[in-house]
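For reference, the structure is listed below as structure tokens.
Number of protein chains: 2
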Amino acid sequence: MGRPRNFDVDKALLAAINVFWEKGYDGASMKDLTEEMGINSPSLYSVFGDKKSLYIQAIKRYVASDTCPPLDAFNEEEDITKAVRAFLETSLEHATQQSIGRKGCFMSNCVSTTTASVEESQVLLLEAIVLADKKIAQRFDKEKAKGALPETFPSFERAKLMFDLRQGYVLRARAGIRKDEMERDLDYRVSIILSL
Amino acid sequence: MGRPRNFDVDKALLAAINVFWEKGYDGASMKDLTEEMGINSPSLYSVFGDKKSLYIQAIKRYVASDTCPPLDAFNEEEDITKAVRAFLETSLEHATQQSIGRKGCFMSNCVSTTTASVEESQVLLLEAIVLADKKIAQRFDKEKAKGALPETFPSFERAKLMFDLRQGYVLRARAGIRKDEMERDLDYRVSIILSL
DNA sequence: GCTATTTTTTATCAATTGTTATAAAATAAT
DNA sequence: ATTATTTTATAACAATTGATAAAAAATAGC
Chain A
1 MGRPRNFDVD
11 KALLAAINVF
21 WEKGYDGASM
31 KDLTEEMGIN
41 SPSLYSVFGD
51 KKSLYIQAIK
61 RYVASDTCPP
71 LDAFNEEEDI
81 TKAVRAFLET
91 SLEHATQQSI
101 GRKGCFMSNC
111 VSTTTASVEE
121 SQVLLLEAIV
131 LADKKIAQRF
141 DKEKAKGALP
151 ETFPSFERAK
161 LMFDLRQGYV
171 LRARAGIRKD
181 EMERDLDYRV
191 SIILSL
Chain B
1001 MGRPRNFDVD
1011 KALLAAINVF
1021 WEKGYDGASM
1031 KDLTEEMGIN
1041 SPSLYSVFGD
1051 KKSLYIQAIK
1061 RYVASDTCPP
1071 LDAFNEEEDI
1081 TKAVRAFLET
1091 SLEHATQQSI
1101 GRKGCFMSNC
1111 VSTTTASVEE
1121 SQVLLLEAIV
1131 LADKKIAQRF
1141 DKEKAKGALP
1151 ETFPSFERAK
1161 LMFDLRQGYV
1171 LRARAGIRKD
1181 EMERDLDYRV
1191 SIILSL
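Chains A and B, in that order, are what the protein sequence lines are. At position 40 of the first sequence (counting the first as 1) the number is 40 in the working numbering, and the numbers step up by one without a gap. At position 95 of the second sequence (counting the first as 1) the number is 1095 in the working numbering, and the numbers step up by one without a gap.
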């Protein structure tokens, strides 16, 4: 009973992700957040608590959505060489997209900057990295079982290698390096990740 | 003539770097800055201009100092294998050091987060990356001339590869992954960077 | 010892920060 | 229709934000 809520809690949370992603935790003001979420501050505070609490919920919501475009592209491609290429290519696309906000990855672009100031954010980032490593390694293992990769292929090491190369792309994109320039050594990196 | 300045401008600027490094551009308040720089705000504003101007000068000062510990370790080591190892090892050390502030790299930890909001910061970050790539590649070229690396060794691609792997370490360190855990595949990465 | 000049100090500015009372509005149960 | 309950809207809170005005203090030249 009582007056019904006239906004979608989940939609508001998704909007909050975008604000934090674009402006960072410190850079995002409550005014920015309430405007983008389409609610006023008392509603925000009653549903999400204070700024820090909202931020943590935003991270958890992002992680729960479990949609990392490069990882999805990696898993959707059947051929392992094409899959690795798709991972790097999709990483580049998202890192260099000009549209404001949602640049690169929410976890590495935003959450990584708050691990010192917002306690809970560190373990959430850690879990996301560990999960990504594991998913990539599992795919490599599957290829080994298929015979597409040799038994000696070090899945876990290569998984971490591929993941870490993405972080380099993200930094370079932020520095303004264009996608087509970074694409030039993309195939070369694919061959390194899969080298025997 | 006039009343003499009772603080060292350069020392104050170096202190400002530390504040931005530790707290980020948005997270660093003028109060934080004046306290750490040991001056009061009118002095700050008269010498450095506003916050954005101080920030740009801090970045330029950091770049001018030209001291990137991993890069220095890389160049000081004679043997190329040991040099690559030293680069990664030093990257890990600085990324994981527990002392507050000066974690990882000022450029990638702080400046990379302001490329959208502080216009001038982007090109400064770009120049730093381009310079680092070049320095690493030049060292590889020297090893090729010495015969320590084959003529076919792709210096520039490997330089960028090594540089980008560091970004992965920085992210992982922020997530709380320990140095000794990341050290486990350090030698493996050295062999990949130098593989023929 | 003045004067001119520059810096420091102290105090304060308006604006924005995150946050919360208070009261109006909208529903369900009685 | 009234009551109880919950959410909305409006307004305001104290604190902090980045930034200055005004006055005191310290030097060099005359």
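Note that CB positions come from ideal geometry on N, CA and C, so glycine has one too. Computed from a predicted structure; not experimentally measured.
Return yes when the Cβ of glutamine 167(A) is within less than 8 angstroms of the Cβ of aspartate 1164(B), no when it is not. By one-based count along the second sequence, residue 1164(B) stands at place 164. By one-based count along the first sequence, residue 167(A) stands at place 167. Cβ distance < 8 angstroms, so aspartate 1164(B) and glutamine 167(A) count as in contact.
Got a sec: is the Cβ-Cβ distance from alanine 1016(B) to anything in chain A below 8 angstroms? Here residue 1016(B) is taken as the residue at index 16 of the second sequence, counted from 1. It does not: the Cβ of alanine 1016(B) has no partner Cβ on chain A nearer than 8 angstroms.
Check each candidate in Glu1181(B), Val1084(B), Met1162(B), Asn1018(B) and name the one with the smallest Cα separation from isoleucine 1059(B). The sequence position of residue 1059(B) within the second sequence is 59, counting from 1. Considering only alpha carbons, the answer is Asn1018(B).
Is the separation between the beta-carbon of leucine 209(A) and that of lysine 179(A) shorter than 8 angstroms? This structure cannot settle anything about residue 209(A), because the visible part of chain A is limited to 1 through 196.
In this structure, does DSSP put serine 186(A) in helix, strand or coil? For the purposes of this step, residue 186(A) is taken as the residue at position 186 of the first sequence. Before going further, note that residue 186(A) is leucine rather than serine in the sequence given. Three-state result, leucine 186(A): helix.
Given alanine 95(A), which residues of its chain have a CB within under 6 angstroms of its CB, disregarding the five upstream and five downstream residues? For the purposes of this step, residue 95(A) is taken as the residue at position 95 of the first sequence. Excluding residues within five positions, the ones whose Cβ falls inside 6 angstroms are Gly104, Tyr169, Val170, Ala173.
Ignoring anything shorter than 4 residues or poking outside the stretch 1087-1166 of chain B, list the alpha helix (DSSP H) runs there in chain order. 1106-1109, 1119-1146
Proximity to isoleucine 177(A) [Cα-Cα], best of Phe1048(B), Pro1154(B), Ser1112(B): Along the first sequence, read from residue 1 onward, the residue named residue 177(A) stands at position 177. For the residues Phe1048(B), Pro1154(B), Ser1112(B), the minimum Cα distance to isoleucine 177(A) belongs to Ser1112(B).
Spell out a yes or no on whether the stretch 107-127 of chain A and the stretch 182-191 of chain A are touching, meaning 3 or more CB-CB pairs, one atom from each, closer than 8 angstroms. Taking one beta carbon from each stretch, the stretch 107-127 of chain A and the stretch 182-191 of chain A have fewer than 3 pairs nearer than 8 angstroms; the two do not touch.
For chain B, check one thing: does any of its Cβ atoms lie closer than 8 angstroms to the Cβ of serine 108(A)? Within the first sequence, the letter at position 108 stands for residue 108(A). Serine 108(A) counts as touching chain B.
Heavy atom of the ligand MN within 7 angstroms of threonine 81(A) beta-carbon: This structure lacks the ligand MN, and indeed carries no ligand of any kind.
Taking arginine 1102(B) as the reference, which of Gly1147(B), Tyr1062(B), Glu1181(B) has the closest Cα? Indexing the second sequence from 1 puts residue 1102(B) at position 102. Closest option to arginine 1102(B), Cα to Cα, is Tyr1062(B).
Would you say phenylalanine 48(A) faces chain B, with C-beta separation under 8 angstroms as the test? Here residue 48(A) refers to the residue found at position 48 when the first sequence is read from its first residue. Taking Cβ atoms only, chain B never reaches closer than 8 angstroms to phenylalanine 48(A), which makes this a no.
Please work out which residues of its chain come closer than 6 angstroms, Cβ to Cβ, to leucine 44(A), disregarding the five sequence neighbours upstream and downstream, and give them in chain order. Stepping through the first sequence from its first residue, residue 44(A) is reached at position 44. These residues qualify, in order along the chain: Thr34.
For a contact meaning CB atoms closer than 7 angstroms, what does aspartate 1185(B) contact in chain A? Indexing the second sequence from 1 puts residue 1185(B) at position 185. Here the neighbours are Glu157, Lys160.
So which residues of chain A does arginine 1172(B) contact, with C-beta pairs closer than 7 angstroms? Mapped onto the second sequence, residue 1172(B) falls at position 172. Under the 7 angstroms cutoff, chain A gives Ile129.
When the Cα of threonine 1115(B) is compared with those of Tyr1055(B), Ile1039(B), Asp1066(B), which residue comes out closest? In the second sequence, counting from the first residue as 1, residue 1115(B) sits at position 115. Closest by alpha carbon: Tyr1055(B).
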